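Student: Okay, here's the structure, questions in a sec.
Protein chains: 4
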Amino acid sequence: LSIGGDEQDQVDKARTLRNETRRPTVCALEEILYQIIPVLDHGFIRVVDYMGDDAAVVQAARVSYGTGTRTVSDDRALIRYLMRHFHTTPFEMAELKLHVRLPIFVARQWIRHRTASVNEYSARYSILDREFYFPTAVNIREQTKDNRQGRGEAVTDRDADAIIGLMREDTERSYEHYLWMLNEEKDPSRPSVARELARISLPLNTYTQWYWKTNLHNLMHFVQLRADPHAQFEIRAYAEEIMKVMMKWVPVTFEAFLEYRANSKQLSATAVAIITEMLKGNGAPSGLSKLSLRERKELFETFGLSLPASSASK
Amino acid sequence: LSIGGDEQDQVDKARTLRNETRRPTVCALEEILYQIIPVLDHGFIRVVDYMGDDAAVVQAARVSYGTGTRTVSDDRALIRYLMRHFHTTPFEMAELKLHVRLPIFVARQWIRHRTASVNEYSARYSILDREFYFPTAVNIREQTKDNRQGRGEAVTDRDADAIIGLMREDTERSYEHYLWMLNEEKDPSRPSVARELARISLPLNTYTQWYWKTNLHNLMHFVQLRADPHAQFEIRAYAEEIMKVMMKWVPVTFEAFLEYRANSKQLSATAVAIITEMLKGNGAPSGLSKLSLRERKELFETFGLSLPASSASK
Amino acid sequence: LSIGGDEQDQVDKARTLRNETRRPTVCALEEILYQIIPVLDHGFIRVVDYMGDDAAVVQAARVSYGTGTRTVSDDRALIRYLMRHFHTTPFEMAELKLHVRLPIFVARQWIRHRTASVNEYSARYSILDREFYFPTAVNIREQTKDNRQGRGEAVTDRDADAIIGLMREDTERSYEHYLWMLNEEKDPSRPSVARELARISLPLNTYTQWYWKTNLHNLMHFVQLRADPHAQFEIRAYAEEIMKVMMKWVPVTFEAFLEYRANSKQLSATAVAIITEMLKGNGAPSGLSKLSLRERKELFETFGLSLPASSASK
Amino acid sequence: LSIGGDEQDQVDKARTLRNETRRPTVCALEEILYQIIPVLDHGFIRVVDYMGDDAAVVQAARVSYGTGTRTVSDDRALIRYLMRHFHTTPFEMAELKLHVRLPIFVARQWIRHRTASVNEYSARYSILDREFYFPTAVNIREQTKDNRQGRGEAVTDRDADAIIGLMREDTERSYEHYLWMLNEEKDPSRPSVARELARISLPLNTYTQWYWKTNLHNLMHFVQLRADPHAQFEIRAYAEEIMKVMMKWVPVTFEAFLEYRANSKQLSATAVAIITEMLKGNGAPSGLSKLSLRERKELFETFGLSLPASSASK
């Protein structure tokens, strides 16, 4: 992990802090606070602050439902009830702040989640480090054929080498030119080009970094979309580490999240009618033709069935 | 302060908590954490959680400006720089959570601040307490004559008594009817009307409560609008207590907020031209007639001057 | 419908407008533009402006997916694809503006949808009309017993009369007192109390009005939550009228909304496992005990089955 | 302007549309609807839809202030009143939708405005065009010395040529490698790398495009920040064209925007005290030392004065 000594020193120093607080704390999260959690080749996430825990969700829900929630036997049941019925506001009551280093093309996907606070390293003010993302060979894949996005088969090692070679070459040269333009050494034979301008021909795999703060509700939305197999591999790598953080931070919410969000399935009105027929044992369900071929496949896969040959054509 | 023994017990219990944390803490805020800060006759605010401090603002700004901020001599100068140039995102990095009891008509103004998280006591699930806001005599005022909103002169004590008397009478009767409709005593001679329905004829001065969480940037916006003399007295009472909390929590930001927001003045393009002329000692500034009478008055008041008679008419 | 002559005149006048535009228009929506659509006893919604249509959703999606969408056979298929995969941003590209008159207690639920623009009639500046919501007898119901919110059985007509009688009485008296305090007739024997203060003992069933503008994505979210049987009857009445407007405005999106949102079902991870077992014909599914009794009931109801007696206890 | 024939055809075709609508229309904006307004070397903005006009702002304000606004003589005065007192919600009632082609580094600054709807061309689904931004010679400038961001002096023509040459070279090579990786020609000797991966070494000056929709309030915020001299030249070029669009669309709001926002000045509490002293002719104002040197300079510049030598040092 290419973190300079300075940076590691700061992490170590921050981790020695011990304060007394009346606020609730989460031991499992305190354990990893400030630590660098590596992602991709040079990226990381670090939890730098948090507010609230599972109990904060419960506390907010209980003020809403007031005495009405006295009948809910325990906090776990209440959190599952909230999650299941999309009562989302109590989950806004807990907050997480991360320090993230990530390639710019990942940052561009990430920033589309608008309900978060972000402070990014500015290449107008400062000079970008010589740090770039290159995929490992196994992650270099062909464009999928049956799908409009995403990756298909892995390429051969030789092809992977050639591709990474090209990327490295372009990237290195761009960065050398960037330094040349900045002229930090103040060579009098050429100007020191404005930073905001010199950086425009740097590639999208250049690493940037930011502080990112969001509440638990929006964090779950982020994770659900970005840890999904349809998300680009590189942002998924971040989302998966954030899931692990979430598991430490709010274990009860996390469990409910898996049950009612990440691993749940949404059935369309037509799909419900089809499954209803099938459960009644009525043979080939009549509604199947109303679904597209892909929807049919997915529906059957959901329940571990294979699509009958008669329904497997458009 | 009409807080039941139960409630005070919970506050006391929460305040005995002492946890160890690696997070930064703010002693002055820990001091008052969970405590009931009375507002109006039966309202309160309580700080129930917080995240970050002045240093969190600085930390986020430094990641943005990177090495560029090395030249900023100290944190106070950086915070003032951010405030002055409306670089608002670093202020989103600190977060405050309040528990608030407030009259419904105040809640209706408060909720217009959309960038916050709220969980309100639900009168669909639970029964509202017999708690209502009544203004003190000194706060019962006439409709202003020169302004389209707000209060003017105080009424006489006798009038105030009459008005409060009417309010109490209506409120009491409505609440009695509410209880009668709820029929919690399960009198078999009448139904137990649905709570969501029984509450609809309760008055707007009924107290409700909520958890309200927002970041420092939005908190400042709230305070600026709601502690303003044009805000309704009752919400201003809350905003002023929140300002005191803010002063304990983020004293450096608070000082900059006073300087560049709360006590600053915005001069229109025309006003700038007028003051420019006046500073040059050109006698009666030519642009004055471009301002409305009210704008003229306000401009002169801003600088402790009285409007020349020649400019005091429409 | 208690709309003054003035108001109806304005509607009629606005409806005579005919402008030429290069923007796309929706005939079925133009047909009802500005018209008063009654809701409850004195409420209404009126479409006062709109932007975009089904084609605007498609247009935005095609810029995202670029040439990738050339394979999507038609617009309807694309809209269904977007809805099904929660690609929600293209639905933000169409916008609707309503003028709504609604009781204050409904406004309080409505306003919780934060991603909308609102301008409400201000009782600080203006005097509220003598207009109140009273439920019809059939809508006066008892508090449900098995549920923590909402209404159960209807009450008898005699009870309904008594309840409405109480509400009318309280409401009328409060309004008389409101007028007395305002003293618009300038009776010199008493003050004219500030409007912002005089209104605080008015009841929650007083009608207010606002302009409300939101995009199609947020409109669908509103409708899904507020046209739901768990929503309070009174806000549901509004949501149902908005659904009819949506059907005229964006018929293709509306159809997809019914299929993949309003009439869809979300199955939890455990529920998926249970249905999988049942489809394999394995008899009583082993996972059933992991669900709460209510979840079990709902799952079986979803597929038109009755819960086996062996699973019908906690 | 490098727009393919297809694109221009579509613009021309869209511009032939003529529909009848009951909605208000803005002739000056209809005039330019769909037209390509060039920005930078290959960028553009196009207005593709709009909702509302100056009258929509007035209409929303009048519902808020109700009869209270009858005393406001005319719409222009009301709009100026709203702008001056930061009553911002009525400005949310008008909406603009743009189609924009812009370099990725500009898109990264633009997207930080979170309260807007965006659909961007996706390089996961589609292939990016061979279009890159290169600054003109006059816009290639040195890093400022006295400021932490932005550009200072222009470089010589020879230096400019060298810099643009480097940028072109890097950009061209990266794009050639991108095409090679994509292997759209399906050369069997190498794989067709996934689009989402092949694009990661493209430079930040590659053009992207999006649909961007926001309301008038947020549009003004965007313009104020991005047409500011401190904004990077390239995004400023877009903001300035958007200002021209705004002037056509909502001329009264635009005029008020210039007066109370764009050309207004915010004076800090200390600055107000200083100007107050100066207007009283008290000689050197005592508060000057409380301001930083930069603040002092800016304050004097605001009013066309030069800083007295005695105050011109730190």
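For the record, the sequence lines run as chains A, B, C and D. Going by this note's numbering, the first sequence runs without a break in its numbering and finishes at 333. Going by this note's numbering, the second sequence runs without a break in its numbering and finishes at 333. Going by this note's numbering, the third sequence runs without a break in its numbering and finishes at 333. Going by this note's numbering, the fourth sequence runs without a break in its numbering and finishes at 333. Ideal Cβ placement from N, Cα and C applies to all residues, glycine included. Remember, predicted model here, so these are calculated numbers, not experimental data.
Using Cβ-Cβ distances below 8 Å, what residues of the region 33-53 of chain D are close to chain C?
Tutor: From the region 33-53 of chain D, only 33, 34, 36, 37, 38, 39, 40, 41, 42, 43, 44, 49, 52 and 53 have a Cβ closer than 8 Å to chain C.
Student: Can you tell which of D:278, D:279, D:241 and D:288 has its C-alpha closest to the C-alpha of residue 130 of chain D?
Tutor: Cα-wise, what sits closest to residue 130 of chain D is D:241.
Student: Pairs of beta-carbons, one from the region 228-236 of chain D and one from the region 117-130 of chain D, closer than 8 Å: are there three or more?
Tutor: Touching, per the Cβ criterion.
Student: Nearest to residue 265 of chain B by alpha carbon, out of B:285, B:49, B:127 and B:200?
Tutor: The residue with the shortest Cα to Cα distance from residue 265 of chain B is B:49.
Student: Please report how far the alpha carbon of residue 155 of chain A lies from the alpha carbon of residue 107 of chain A, in whole angstroms.
Tutor: The alpha-carbon atoms of residue 155 of chain A and residue 107 of chain A are separated by roughly 38 Å.
Student: Within its chain, find whatever has a CB closer than 6 Å to the CB of residue 20 of chain D; leave out the 5 residues flanking it on each side and keep chain order.
Tutor: Low per-residue confidence applies at residue 20 of chain D: pLDDT is 39, beneath 50, and the placement is therefore not dependable, though the value from the model is reported in the following sentence. Excluding positions up to five away in sequence, the list reads 57.
Student: Spell out whether any CB of chain C is found under 7 Å from the CB atom of residue 138 of chain D.
Tutor: For residue 138 of chain D, the answer is yes, since a Cβ of chain C falls inside 7 Å of its Cβ.
Student: Would you call residue 259 of chain D buried or exposed, if buried means 16 or more other Cβ atoms sit within 10 Å of its Cβ?
Tutor: Looking at its Cβ environment, which holds fewer than 16 other Cβ atoms inside 10 Å, residue 259 of chain D is exposed.
Student: Residue range of the beta strand (DSSP E) that residue 286 of chain B falls in?
Tutor: Per DSSP, residue 286 of chain B belongs to the beta strand (DSSP E) from 284-286.
Student: Cα separation between residue 152 of chain D and residue 61 of chain D?
Tutor: Going by the C-alpha atoms only, they are around 7 Å apart.
Student: Taking the C-alpha atoms as reference points, what is the distance between residue 282 of chain A and residue 94 of chain A?
Tutor: Straight-line Cα distance between these residues: approximately 22 Å.
Student: Would residue 213 of chain C and residue 162 of chain B be called neighbours here (beta carbons separated by less than 7 Å)?
Tutor: Yes. Within cutoff.
Student: Would you kindly report the start and end of the unbroken alpha helix (DSSP H) that includes residue 196 of chain C?
Tutor: Residues 176-201.
Student: Tell me the DSSP secondary structure of residue 306 of chain C in three-state form.
Tutor: Looking at residue 306 of chain C - three-state DSSP - the assignment turns out to be helix.
Student: With three or more C-beta pairs closer than 8 Å as the rule, is the region 316-330 of chain D touching the region 291-300 of chain B?
Tutor: As far as the Cβ criterion goes, the region 291-300 of chain B touches the region 316-330 of chain D, which means the pair count is three or higher.
Student: Residues of chain A with a CB under 8 Å from the CB of residue 331 of chain C: which are they?
Tutor: In chain order: nothing, as chain A lies at least about 18 Å away.
Student: Measure the C-alpha to C-alpha separation of residue 287 of chain B and residue 109 of chain A and round it to an integer number of angstroms.
Tutor: Going by the C-alpha atoms only, they are around 43 Å apart.
Student: Measure from the alpha carbon of residue 53 of chain D to the alpha carbon of each residue in D:64, D:43, D:140 and D:46, then state which is nearest.
Tutor: Residue D:64 is the option with its Cα nearest to residue 53 of chain D.
Student: Would you mind working out which of D:218, D:45 and D:313 sits nearest residue 66 of chain D, comparing C-alpha positions?
Tutor: If we check each option's Cα against that of residue 66 of chain D, D:45 comes out closest.
Student: On the criterion of 16 or more Cβ atoms from any shown chain inside 10 Å, does residue 251 of chain C qualify as buried, or is it exposed?
Tutor: Buried: at least 16 other Cβ atoms inside 10 Å.
Student: For the beta strand (DSSP E) that contains residue 328 of chain A, what are its first and last residues?
Tutor: Residue 328 of chain A -> no beta strand (DSSP E), and no H or E assigned at all.
Student: Strictly under 7 Å for the Cβ-Cβ distance: is residue 213 of chain C near chain B by that measure?
Tutor: It does: the Cβ of residue 213 of chain C has a partner Cβ on chain B nearer than 7 Å.
Student: Which residue spans inside the region 196-262 of chain B form an unbroken beta strand (DSSP E) run of at least 3?
Tutor: Those beta strand (DSSP E) runs which fall completely within the region 196-262 of chain B and span 3+ residues are 226-234.
Student: So within the region 106-146 of chain A, which uninterrupted beta strand (DSSP E) runs reach at least 3 residues, ignoring any that extend past its ends?
Tutor: Entirely contained in the region 106-146 of chain A, the beta strand (DSSP E) runs reaching 3 residues are, in chain order, 114-122 and 136-139.
Student: If we cut at 7 Å on Cβ distances, does residue 196 of chain B have a partner in chain C?
Tutor: Answer yes: the Cβ-Cβ gap between residue 196 of chain B and chain C drops below 7 Å somewhere.
Student: Distance cutoff 7 Å, beta carbons only. Does residue 169 of chain B sit that close to anything in chain D?
Tutor: With 7 Å as the cut-off, residue 169 of chain B does not count as an interface residue toward chain D.
Student: Among A:141, A:176 and A:311, which one has its Cα closest to the Cα of residue 218 of chain A?
Tutor: Out of A:141, A:176 and A:311, A:141 has the C-alpha closest to the C-alpha of residue 218 of chain A.
Student: Let's test the definition: count the other Cβ atoms within 10 Å of the Cβ of residue 312 of chain D and tell me whether it reaches 16, buried, or not, exposed.
Tutor: With fewer than 16 other Cβ atoms within 10 Å, it is exposed.
Student: If we cut at 7 Å on Cβ distances, does residue 109 of chain A have a partner in chain B?
Tutor: Chain B contact via Cβ: present.
Student: Relative to the C-alpha of residue 263 of chain B, which residue among B:284, B:253, B:279 and B:239 is closest?
Tutor: Of the candidates B:284, B:253, B:279 and B:239, the one whose C-alpha sits nearest the C-alpha of residue 263 of chain B is B:239.
Student: Which runs of the alpha helix (DSSP H) fall wholly inside the region 26-99 of chain C and span at least 4 residues, in chain order?
Tutor: Listed in chain order, the complete alpha helix (DSSP H) runs (minimum 4 residues) inside the region 26-99 of chain C are 46-51 and 73-84.
Student: Any beta carbon from chain D within less than 7 Å of residue 87 of chain A's own beta carbon?
Tutor: Any reading at residue 87 of chain A must be qualified, since the residue scores a pLDDT of 48, below 50, and its modelled position is unreliable; no value is offered.
Student: So the beta strand (DSSP E) residue 280 of chain B belongs to, where does it begin and stop?
Tutor: Run containing residue 280 of chain B: none; DSSP gives neither H nor E here.
Student: According to the neighbour-count rule (16 or more other Cβ atoms, all chains shown, within 10 Å of its Cβ), is residue 300 of chain C buried or exposed?
Tutor: So residue 300 of chain C ends up on the exposed side.
Student: Report all residues from its chain with a CB closer than 7 Å to the CB of residue 275 of chain A; omit the five preceding and five following residues, and keep chain order.
Tutor: Taken in chain order, the residues that qualify are 98, 99 and 102.
Student: At 8 Å on the CB atoms, spell out the chain A contacts of residue 230 of chain B, in chain order.
Tutor: By Cβ distance, chain A contributes 78, 79, 82 and 112.
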